[in-house]
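K.L.:
Below is the structure I would like to discuss, written out as structure tokens.
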Amino acid sequence: MVAQKNLCVLILAAGKGTRMKSSLPKPLHTVCGFPMISHILKAAQVLNPAAVGVVIGHGAQQVMETIKNSLPAWEISTPIVFAEQREQNGSGSAVQAALPLLEKFENVLVLNGDTPLLQPQTLQKMVDAFTADPCDGLVAGVTVPDPFGYGRIVRDADGAFKAIVEEADADDTTRQITEINSGMYVFRSAALQKALAQLTPQGPKNEYYLTDTLSYIKKDNGAVRVFSVADYTEALGINSKAQLAQAEQILRKRIVSRHLDNGVTFLNPDDVYIDEAVQIGADTVVCPGTYLLGRTVIGQNCVLEGGVYVKDSTIGDNVTLKMGTYVEDSTVQDTCQLGPYAHLRPGSVLHKGAKVGNFSEIKKSVIGEGSKVNHLSYIGDTRMGAGVNVGAGTITCNYDGKNKHQTVIEDHVFVGSNVNFVAPVTVREYAKIGAGSTITKEVPQGALGIARARQVVLEKKGVKQND
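Here the numbering used here is used: the first residue of the sequence shown is 1145, the next is one more, and so on.
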């Protein structure tokens, strides 16, 4: 897609968010796995702007670093330019801080950094409307059930834009208006720059309101129009933890709806937790209490039983994750089975058809094709081949108190129950390990390894055995 060379997107993310009651800058609070501002960056991608500007202020360095770290998740290639608002004195002042960037572009789309529910298609429609019927300023308006606290959009007798009146300045009649300012605008850059120069401090906090620019544009005989957004939730700003929780619920419902449309089955759509970037293949069944987080990819025809937790992992096709299975930063190939209550820690790879069963833990290990770690085992820092059978209670002793060491178990090895492998150690293909052994040395190909003391039975003095 060719970049729109005349369009810049500006995101206002300088606020402290005191009502959040948190040390974390407001734009960085997460919704469905990603910071609020990341969702806005993702939505803006659909426009393919020539540049994206982000106005920062409170927690500036932290906001910058978080944005840069979140870009790979959305594959954002548009250049991002940061501008700092040194004094937190209103949205108009925030836009003024980005003037060196805005002067380079014909048009600018202004968004708030605390509206994670806005959708890409809405932004596209806004810009299309601005382009189709050019004006100097376009404000997105939404009709809400409860307009308290929001600036009202006042229209004239013909329904055209007249003014935006803030809650504190509104009379009783104006407060009855339910169409509010969403905080999303498209401006002709030259008109915006001229209006910004005319702003004066307003209200009890002596702030510079961006909304006043629309009035100045009208006074200069510029054209200002209202673009109506059908879904008011897109304009919901996040100013408290309660509103953050509300946004999370709304976005999760959208995510589940999208997956339902793509052929995923949810036994209880209201009792799953799926992050925005998660991908799920058709005909996969997701049971209640499932968490799919981060950049997780689930294949087709999988079954995810209740209480499954998967984060930043790739799950192949036809995989069964039984009750309570926990997978993090790992890869599970096709037709594998895990659980119930299996645990894959970061860096683990299960090849096709492998099985990890009840209460078994895998850490930074490769389990070969068709191999089985069925019961109550810990496999850490291990490279395991194909067709291996691991008995219950097997432990790879990978840590000597200072360093981690690797265990190598080659193809088609049979491991009896309650075996300890003291790494570093290698077991060659087709070898067998006797139950209860502690293996400290290499076991050759096809050999039987047994490392346990001979059983001794001492009869109690004066009592015969089996009495």
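We treat Cβ as the ideally placed atom computed from N, Cα and C, and that holds for glycine.
#1: In the DSSP output, what is A1195 paired with across the bridge?
#2: Output the distance between the C-alpha atoms of N1562 and A1158, rounded to the nearest integer angstrom.
#3: Taking 8 Å as the limit between beta carbons, can you name the residues of its chain near N1462, skipping five residues before and five after?
#4: Pull the bridge partners of G1285 from the DSSP assignment, please.
#5: Below 8 Å on the Cβ atoms is my guess for L1411 versus P1432; work out the distance and round it to an integer in Å.
#6: Looking at the unbroken alpha helix (DSSP H) that takes in V1454, where does it start and where does it end?
#7: By Cβ distance below 6 Å, which residues in the same chain neighbour H1202 in space, the five residues on each side in sequence not counted?
#8: Roughly how many angstroms lie between the CA atoms of I1594 and V1532, to the nearest whole one?
#9: Measure the C-alpha to C-alpha separation of Q1481 and E1323 and round it to an integer number of angstroms.
#10: State the DSSP-derived secondary structure class of I1583, mapped to helix, strand or coil.
#11: Select from Y1376, Q1342, L1488, G1285 the residue whose C-alpha is nearest the C-alpha of K1363.
#12: For L1267 and Q1337, which I take to be in contact (beta-carbon distance under 8 Å), what is that distance rounded to the nearest angstrom?
#13: So, does the stretch 1255 to 1266 touch the stretch 1276 to 1283, judging by three or more C-beta pairs under 8 Å?
#14: The beta strand (DSSP E) that contains I1297, what's its start and end?
#15: When we look at the beta-carbon of G1407 and count the other beta-carbons within 10 Å, is it buried (16 or more) or exposed?
#16: Throw me the rounded Cβ distance for the Q1550 and A1567 pair, which I believe falls under 8 Å.
#17: Could you check how far apart the C-beta atoms of V1207 and L1154 are, in whole angstroms? I think they sit under 8 Å.
#18: Let me know if N1325 comes out buried or exposed under the rule of 16 or more other beta-carbons within 10 Å of its beta-carbon.
#19: Whole angstroms are fine: how far does the CA of D1419 sit from the CA of H1403?
#20: Let's see if you can read the secondary structure: which residues bound the beta strand (DSSP E) around R1598?
#21: Taking the alpha-carbon positions, what's the V1471 to S1509 distance?
#22: Could you pull the start and end residues of the alpha helix (DSSP H) that K1306 belongs to?
#23: For the alpha helix (DSSP H) containing T1434, list its first residue and its last residue.
#24: Going by C-alpha distance, which of I1220, L1215, P1244, P1223 is nearest Q1229?
#25: Is the Cβ-Cβ distance between H1519 and N1547 less than 9 Å?
#26: Going by beta-carbon coordinates alone, are N1256 and V1271 separated by less than 9 Å?
#27: Going by DSSP, what residues sit across from R1332 in a beta bridge?
#28: Grouping DSSP H, G and I as helix and E and B as strand, with all else coil, what is Q1550?
#29: Round the Cβ separation of S1214 and S1182 to the nearest angstrom and send it over; I've been treating them as touching at under 8 Å.
#30: With a threshold of 16 other CB atoms inside 10 Å of the CB of L1151, please say whether the residue is buried or exposed.
#31: Should S1401 go down as buried or exposed, given a rule of 16 or more other Cβ atoms within 10 Å for buried?
#32: In whole angstroms, what is the alpha-carbon distance linking T1174 and R1332?
#33: Runs of 3 residues minimum, wholly inside the stretch 1429 to 1505: which ones carry the beta strand (DSSP E) assignment?
#34: Please report the distance separating the alpha-carbon of V1422 from that of I1394.
P.N.:
Short version:
#1: Indexing the sequence shown from 1 puts residue 1195 at position 51. In DSSP, A1195 forms a bridge with C1152.
#2: Counted from its first residue, the sequence shown places residue 1562 at position 418. Counted from its first residue, the sequence shown places residue 1158 at position 14. Cα to Cα, N1562 sits roughly 58 Å from A1158.
#3: Translated into positions along the sequence shown, residue 1462 becomes position 318. G1443, Q1444, N1445, C1446, D1478, T1479, listed in sequence order.
#4: In the sequence shown, the residue the question calls residue 1285 occupies position 141. Its beta-bridge partners are N1325, S1372.
#5: As a position in the sequence shown, residue 1411 is number 267, starting the count at 1. As a position in the sequence shown, residue 1432 is number 288, starting the count at 1. At roughly 6 Å, the Cβ-Cβ gap stays under 8 Å, so L1411 and P1432 are in contact.
#6: Taking the first residue of the sequence shown as position 1, residue 1454 is located at position 310. Element bounds for V1454: not the alpha helix (DSSP H) but the beta strand (DSSP E), 1453 to 1455.
#7: Start at 1 with the first residue of the sequence shown, and residue 1202 comes out as number 58. Here the set comprises K1160, P1169.
#8: Position 450 of the sequence shown, counting from 1, holds the residue named residue 1594. Position 388 of the sequence shown, counting from 1, holds the residue named residue 1532. Spanning the two alpha carbons is a distance of roughly 17 Å.
#9: If you number the sequence shown from 1, residue 1481 lands on position 337. If you number the sequence shown from 1, residue 1323 lands on position 179. Approximately 53 Å between the Cα atoms of the pair.
#10: By 1-based counting over the sequence shown, the position of residue 1583 is 439. DSSP places I1583 in strand when its eight states are reduced to three.
#11: As a first step, residue 1363 must be located in the sequence shown, where it is residue number 219. Among Y1376, Q1342, L1488, G1285, the Cα nearest to that of K1363 is on Q1342.
#12: The sequence position of residue 1267 within the sequence shown is 123, counting from 1. The sequence position of residue 1337 within the sequence shown is 193, counting from 1. No, L1267 and Q1337 are not in contact; Cβ-Cβ is about 22 Å, not under 8 Å.
#13: no
#14: Residue 1297 sits at position 153 when you count from the first residue of the sequence shown. 1296 to 1299 is the span of the beta strand (DSSP E), which, as asked, contains I1297.
#15: Against the sequence shown, residue 1407 aligns to sequence position 263. By the 10 Å Cβ count, G1407 comes out exposed.
#16: On the sequence shown, residue 1550 is found 406 positions in, with the first residue counted as 1. On the sequence shown, residue 1567 is found 423 positions in, with the first residue counted as 1. About 6 Å; that satisfies the 8 Å criterion.
#17: Taking the sequence shown and counting its residues from 1, the one referred to as residue 1207 is at position 63. Taking the sequence shown and counting its residues from 1, the one referred to as residue 1154 is at position 10. Contact flag wrong, Cβ pair sits at about 15 Å.
#18: For the purposes of this step, residue 1325 is identified with residue 181 of the sequence shown, where counting begins at 1. Its Cβ being crowded by 16 or more others within 10 Å, N1325 is buried.
#19: Position 259 of the sequence shown, counted from the start, is the residue given in the question as residue 1403. Position 275 of the sequence shown, counted from the start, is the residue given in the question as residue 1419. So the alpha carbons of these two residues sit roughly 12 Å apart.
#20: Position 454 of the sequence shown, counted from the first residue, corresponds to residue 1598. Careful: R1598 lies outside any beta strand (DSSP E) and carries neither H nor E.
#21: Numbered from its first residue, the sequence shown carries residue 1471 at position 327. Numbered from its first residue, the sequence shown carries residue 1509 at position 365. Cα to Cα, V1471 sits roughly 13 Å from S1509.
#22: Translated into positions along the sequence shown, residue 1306 becomes position 162. No alpha helix (DSSP H) contains K1306, which is instead part of the beta strand (DSSP E) from 1305 to 1309.
#23: Here residue 1434 corresponds to residue number 290 of the sequence shown, with the count starting at 1. Element bounds for T1434: not the alpha helix (DSSP H) but the beta strand (DSSP E), 1434 to 1437.
#24: Position 85 of the sequence shown holds residue 1229. Here the closest residue by C-alpha is P1244.
#25: In the sequence shown, the residue the question calls residue 1519 occupies position 375. In the sequence shown, the residue the question calls residue 1547 occupies position 403. Not in contact: H1519 and N1547 (Cβ atoms no closer than 9 Å).
#26: In the sequence shown, counting from the first residue as 1, residue 1256 sits at position 112. In the sequence shown, counting from the first residue as 1, residue 1271 sits at position 127. No; because the gap between Cβ atoms is not below 9 Å, this pair is not in contact.
#27: Working through the sequence shown from its first residue, we reach residue 1332 at position 188. R1332 pairs with N1251.
#28: Taking the sequence shown and counting its residues from 1, the one referred to as residue 1550 is at position 406. Note: Q1550 maps to coil in three-state DSSP.
#29: Along the sequence shown, one-based indexing puts residue 1214 at 70. Along the sequence shown, one-based indexing puts residue 1182 at 38. So it is a contact: roughly 4 Å between Cβ atoms.
#30: Position 7 of the sequence shown, counted from the first residue, corresponds to residue 1151. L1151 should be labelled buried.
#31: Sequence index remark: in the sequence shown, residue 1401 carries index 257 (1-based). Exposed, by the Cβ-count rule.
#32: For this step, residue 1174 is matched to residue 30 along the sequence shown. For this step, residue 1332 is matched to residue 188 along the sequence shown. Cα-Cα distance, rounded: 32 Å.
#33: 1434 to 1437, 1453 to 1455, 1470 to 1472
#34: Indexing the sequence shown from 1 puts residue 1422 at position 278. Indexing the sequence shown from 1 puts residue 1394 at position 250. Near 16 Å, if we compare the C-alpha coordinates of I1394 and V1422.
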